[in-house]
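If you're matching positions, the sequence shown starts at 176 in our numbering and goes up one per residue.
The beta carbon of each residue, even a glycine, is placed where N, CA and C say it ideally should be.
Quick caveat: nothing in here was measured; it's all calculated off a predicted structure.
To start, the structure itself, in C-alpha coordinates.
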Amino acid sequence: MGTRYGVRVGNSNGTGRRRGGLIGIIVVAAYLVLRFGVLAWREHEAGMSTGAVIGTLFLYAAAIFAIIEIVLAVQNASTRRREAALALAHPGAHLAPALFTKDLATDVRRTAAMLGAELGSDVPRRGHATVVADHNGIGIYVGGTTPRLVVGIPRNQVRAVSTGETKAAGRYTFGTVDALRVIVDNGQWTTIDLPLYRTVIGFAKHLHGEALEAQVRSVAVAAGVRQETPLPGTTR
(Lines of atoms letter the chains of each structure in order from A and count residues from 1; the text may use other names and numbers.)
(Lines give C-alpha, C1' and ligand atoms only; values in the text may rest on other atoms or scores of the structure.)
Protein backbone atom coordinates (compact mmCIF):
# COMPACT_ATOMS: atom_id res chain seq x y z
CA MET A 1 0.00 0.00 0.00
CA GLY A 2 1.22 3.50 -0.74
CA THR A 3 1.78 6.17 1.86
CA ARG A 4 -1.44 7.96 2.80
CA TYR A 5 -0.55 11.62 2.72
CA GLY A 6 -1.74 13.69 5.58
CA VAL A 7 -0.03 17.03 5.82
CA ARG A 8 3.38 15.42 6.05
CA VAL A 9 6.81 16.80 5.58
CA GLY A 10 10.11 14.99 6.10
CA ASN A 11 5.11 25.32 -20.18
CA SER A 12 6.42 26.93 -22.77
CA ASN A 13 5.85 30.70 -22.43
CA GLY A 14 7.32 32.01 -25.64
CA THR A 15 10.14 31.30 -28.01
CA GLY A 16 12.20 34.20 -26.70
CA ARG A 17 12.58 32.74 -23.21
CA ARG A 18 16.04 31.51 -22.32
CA ARG A 19 16.45 27.80 -21.83
CA GLY A 20 18.18 26.89 -18.58
CA GLY A 21 21.78 25.86 -18.91
CA LEU A 22 22.64 27.52 -22.25
CA ILE A 23 24.55 30.43 -20.74
CA GLY A 24 26.21 28.13 -18.23
CA ILE A 25 27.40 25.80 -20.97
CA ILE A 26 28.82 28.73 -22.94
CA VAL A 27 30.63 30.13 -19.89
CA VAL A 28 32.14 26.77 -18.90
CA ALA A 29 33.11 25.96 -22.50
CA ALA A 30 34.76 29.37 -22.93
CA TYR A 31 36.71 28.90 -19.70
CA LEU A 32 37.94 25.45 -20.73
CA VAL A 33 38.94 26.65 -24.19
CA LEU A 34 40.87 29.56 -22.68
CA ARG A 35 42.44 27.47 -19.92
CA PHE A 36 43.61 24.64 -22.14
CA GLY A 37 44.47 27.02 -24.95
CA VAL A 38 46.94 28.80 -22.67
CA LEU A 39 48.29 25.43 -21.52
CA ALA A 40 48.77 24.28 -25.12
CA TRP A 41 50.51 27.53 -26.06
CA ARG A 42 52.95 27.18 -23.15
CA GLU A 43 53.72 23.56 -24.02
CA HIS A 44 54.22 24.49 -27.67
CA GLU A 45 56.54 27.35 -26.69
CA ALA A 46 58.52 24.89 -24.55
CA GLY A 47 59.23 22.82 -27.65
CA MET A 48 56.44 20.24 -27.69
CA SER A 49 55.21 19.36 -31.17
CA THR A 50 51.73 20.29 -32.31
CA GLY A 51 50.69 16.63 -32.43
CA ALA A 52 51.92 16.04 -28.90
CA VAL A 53 50.06 19.13 -27.67
CA ILE A 54 46.82 17.92 -29.27
CA GLY A 55 47.33 14.46 -27.77
CA THR A 56 47.92 15.95 -24.31
CA LEU A 57 44.78 18.08 -24.55
CA PHE A 58 42.78 15.04 -25.64
CA LEU A 59 44.02 13.07 -22.62
CA TYR A 60 43.11 15.96 -20.28
CA ALA A 61 39.62 16.15 -21.79
CA ALA A 62 39.14 12.37 -21.56
CA ALA A 63 40.25 12.35 -17.91
CA ILE A 64 37.89 15.20 -16.99
CA PHE A 65 34.98 13.52 -18.80
CA ALA A 66 35.71 10.20 -17.06
CA ILE A 67 35.72 11.86 -13.62
CA ILE A 68 32.44 13.65 -14.36
CA GLU A 69 30.84 10.41 -15.55
CA ILE A 70 31.93 8.58 -12.38
CA VAL A 71 30.35 11.27 -10.19
CA LEU A 72 27.15 11.21 -12.26
CA ALA A 73 27.05 7.40 -12.14
CA VAL A 74 27.08 7.50 -8.33
CA GLN A 75 24.27 10.09 -8.28
CA ASN A 76 22.18 8.17 -10.80
CA ALA A 77 22.67 4.90 -8.90
CA SER A 78 21.21 6.56 -5.80
CA THR A 79 18.25 7.72 -7.87
CA ARG A 80 17.66 4.21 -9.20
CA ARG A 81 17.74 2.76 -5.67
CA ARG A 82 15.24 5.37 -4.50
CA GLU A 83 12.92 4.70 -7.44
CA ALA A 84 13.09 0.94 -6.88
CA ALA A 85 12.18 1.36 -3.21
CA LEU A 86 9.34 3.76 -4.06
CA ALA A 87 7.96 1.41 -6.72
CA LEU A 88 7.69 -1.31 -4.05
CA ALA A 89 6.14 1.02 -1.48
CA HIS A 90 3.69 2.61 -3.96
CA PRO A 91 2.55 -0.13 -6.38
CA GLY A 92 0.87 1.37 -9.43
CA ALA A 93 2.11 4.88 -8.70
CA HIS A 94 3.65 7.11 -11.35
CA LEU A 95 7.25 8.16 -10.60
CA ALA A 96 8.81 11.24 -12.18
CA PRO A 97 12.45 12.31 -11.64
CA ALA A 98 12.83 15.94 -10.55
CA LEU A 99 15.59 18.33 -9.53
CA PHE A 100 15.64 20.34 -6.33
CA THR A 101 16.40 24.05 -6.59
CA LYS A 102 16.31 27.02 -4.22
CA ASP A 103 12.98 28.01 -5.75
CA LEU A 104 11.54 24.53 -5.21
CA ALA A 105 12.71 24.58 -1.59
CA THR A 106 10.92 27.92 -1.19
CA ASP A 107 7.76 26.47 -2.78
CA VAL A 108 7.88 23.49 -0.39
CA ARG A 109 8.27 25.72 2.67
CA ARG A 110 5.45 28.01 1.55
CA THR A 111 3.16 25.05 0.92
CA ALA A 112 3.98 23.47 4.28
CA ALA A 113 3.21 26.76 6.03
CA MET A 114 -0.12 27.06 4.21
CA LEU A 115 -1.05 23.48 5.15
CA GLY A 116 -0.04 24.06 8.76
CA ALA A 117 2.87 21.62 8.74
CA GLU A 118 6.00 22.04 10.81
CA LEU A 119 8.99 22.00 8.50
CA GLY A 120 12.56 21.57 9.65
CA SER A 121 15.71 22.94 8.07
CA ASP A 122 16.42 19.79 6.05
CA VAL A 123 14.64 20.75 2.82
CA PRO A 124 17.24 20.28 0.05
CA ARG A 125 18.27 23.29 -2.03
CA ARG A 126 19.77 21.16 -4.80
CA GLY A 127 20.00 17.55 -5.85
CA HIS A 128 17.79 14.84 -7.31
CA ALA A 129 14.29 13.93 -6.14
CA THR A 130 11.39 11.73 -7.20
CA VAL A 131 7.77 12.81 -7.54
CA VAL A 132 5.30 10.05 -6.61
CA ALA A 133 1.69 10.36 -7.78
CA ASP A 134 -0.98 7.87 -6.73
CA HIS A 135 -4.50 7.69 -5.28
CA ASN A 136 -3.25 9.17 -1.99
CA GLY A 137 -1.92 12.36 -3.57
CA ILE A 138 1.46 13.67 -4.65
CA GLY A 139 4.69 13.30 -2.68
CA ILE A 140 8.26 14.47 -3.20
CA TYR A 141 11.00 12.10 -2.02
CA VAL A 142 14.78 12.25 -1.70
CA GLY A 143 17.35 9.75 -0.44
CA GLY A 144 18.45 6.36 -1.72
CA THR A 145 17.48 2.86 -0.62
CA THR A 146 15.42 4.38 2.22
CA PRO A 147 13.52 7.28 0.61
CA ARG A 148 12.63 10.28 2.75
CA LEU A 149 9.36 12.14 2.22
CA VAL A 150 10.04 15.86 1.96
CA VAL A 151 6.42 16.87 1.54
CA GLY A 152 3.23 14.93 0.86
CA ILE A 153 0.14 16.67 -0.49
CA PRO A 154 -3.15 14.79 0.09
CA ARG A 155 -5.21 14.20 -3.02
CA ASN A 156 -8.13 16.28 -1.72
CA GLN A 157 -5.82 19.28 -1.43
CA VAL A 158 -4.40 19.02 -4.96
CA ARG A 159 -6.63 21.28 -7.05
CA ALA A 160 -4.91 20.43 -10.33
CA VAL A 161 -1.61 19.92 -12.11
CA SER A 162 -0.34 21.77 -15.15
CA THR A 163 2.82 23.05 -16.76
CA GLY A 164 4.61 25.97 -15.13
CA GLU A 165 8.10 27.36 -15.01
CA THR A 166 10.93 27.76 -12.54
CA LYS A 167 14.61 28.57 -12.46
CA ALA A 168 16.93 26.02 -14.04
CA ALA A 169 18.56 23.55 -11.66
CA GLY A 170 22.33 23.22 -11.41
CA ARG A 171 25.39 25.20 -10.40
CA TYR A 172 26.18 26.39 -13.93
CA THR A 173 22.68 26.90 -15.28
CA PHE A 174 20.78 30.13 -15.75
CA GLY A 175 17.38 31.23 -16.95
CA THR A 176 14.04 29.50 -16.62
CA VAL A 177 12.77 26.06 -17.61
CA ASP A 178 9.39 24.42 -17.97
CA ALA A 179 8.20 22.50 -14.92
CA LEU A 180 5.46 20.31 -13.50
CA ARG A 181 3.16 22.62 -11.54
CA VAL A 182 1.15 21.25 -8.63
CA ILE A 183 -1.65 23.61 -7.57
CA VAL A 184 -2.39 23.14 -3.87
CA ASP A 185 -5.72 24.37 -2.47
CA ASN A 186 -7.08 24.07 1.07
CA GLY A 187 -9.20 27.21 0.96
CA GLN A 188 -6.07 29.18 0.21
CA TRP A 189 -3.95 28.19 -2.76
CA THR A 190 -0.33 28.10 -3.85
CA THR A 191 1.82 26.26 -6.37
CA ILE A 192 4.87 24.01 -6.38
CA ASP A 193 6.91 24.03 -9.59
CA LEU A 194 9.08 20.94 -10.09
CA PRO A 195 11.67 20.84 -12.91
CA LEU A 196 11.49 17.32 -14.32
CA TYR A 197 14.33 15.74 -16.25
CA ARG A 198 15.58 12.76 -18.21
CA THR A 199 19.11 11.39 -18.23
CA VAL A 200 21.31 11.83 -21.32
CA ILE A 201 24.81 10.27 -21.10
CA GLY A 202 24.53 10.56 -17.33
CA PHE A 203 23.56 14.24 -17.40
CA ALA A 204 20.17 15.55 -16.27
CA LYS A 205 18.34 17.29 -19.14
CA HIS A 206 15.28 19.38 -18.27
CA LEU A 207 12.02 18.25 -19.83
CA HIS A 208 9.95 20.64 -21.91
CA GLY A 209 7.37 20.54 -24.67
CA GLU A 210 5.67 17.22 -25.42
CA ALA A 211 7.92 15.24 -23.06
CA LEU A 212 6.86 17.40 -20.12
CA GLU A 213 3.21 17.40 -21.19
CA ALA A 214 3.27 13.59 -21.17
CA GLN A 215 4.60 13.56 -17.60
CA VAL A 216 1.97 16.09 -16.47
CA ARG A 217 -0.80 13.91 -17.95
CA SER A 218 0.62 10.81 -16.27
CA VAL A 219 0.77 12.55 -12.89
CA ALA A 220 -2.82 13.79 -13.27
CA VAL A 221 -4.11 10.32 -14.17
CA ALA A 222 -2.17 8.53 -11.42
CA ALA A 223 -3.30 10.97 -8.72
CA GLY A 224 -6.84 11.23 -10.08
CA VAL A 225 -6.71 15.02 -10.27
CA ARG A 226 -7.53 17.55 -12.96
CA GLN A 227 -5.00 18.76 -15.52
CA GLU A 228 -5.20 22.48 -16.20
CA THR A 229 -4.02 24.31 -19.30
CA PRO A 230 -2.25 27.51 -18.17
CA LEU A 231 -3.29 30.75 -19.84
CA PRO A 232 -0.73 32.07 -22.36
CA GLY A 233 1.84 34.33 -20.72
CA THR A 234 0.91 33.35 -17.15
CA THR A 235 3.23 31.68 -14.68
CA ARG A 236 1.36 31.82 -11.37
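Rounded to the nearest angstrom, what separates E388 and V325 at their Cα positions?
24 Å
By a C-beta neighbour count over all protein chains shown, 10 Å radius and 16 as the cutoff for buried, is I305 buried or exposed?
A quick correction: the sequence has Thr, not Ile, at residue 305. It is buried - the Cβ of T305 has at least 16 other Cβ atoms within 10 Å.
If L270 and V307 are in contact, beta carbons under 8 Å, what's the gap, nearest whole angstrom?
So it is a contact: roughly 6 Å between Cβ atoms.
Please state whether the Cβ-Cβ distance between F275 and R300 is less than 8 Å.
yes
So the candidates are G314, P272, R285, D278; which of them puts its Cα closest to the Cα of Q250?
P272
Whose CA, out of I239, K277, F240, L261, lies closest to the CA of A343?
K277
Supposed contact pair V359 and V333 - C-beta distance, whole angstroms, cut 8 Å
Their Cβ separation, rounded to whole angstroms, is 6 Å, which keeps V333 and V359 in contact under 8 Å.
Taking one C-beta from the stretch 360-372 and one from the stretch 238-246 each time, how about it: are there three or more such pairs within less than 8 Å?
no
So, using beta-carbon positions, are T320 and V391 closer together than 8 Å?
no
Classify E340 as buried or exposed, calling it buried when 16 or more other Cβ atoms lie within 10 Å of its own Cβ.
Here E340 is buried. Its C-beta has 16 or more other C-beta atoms within 10 Å.
Out of H265, T366, S253, which has the shortest C-alpha to C-alpha gap to G377?
S253
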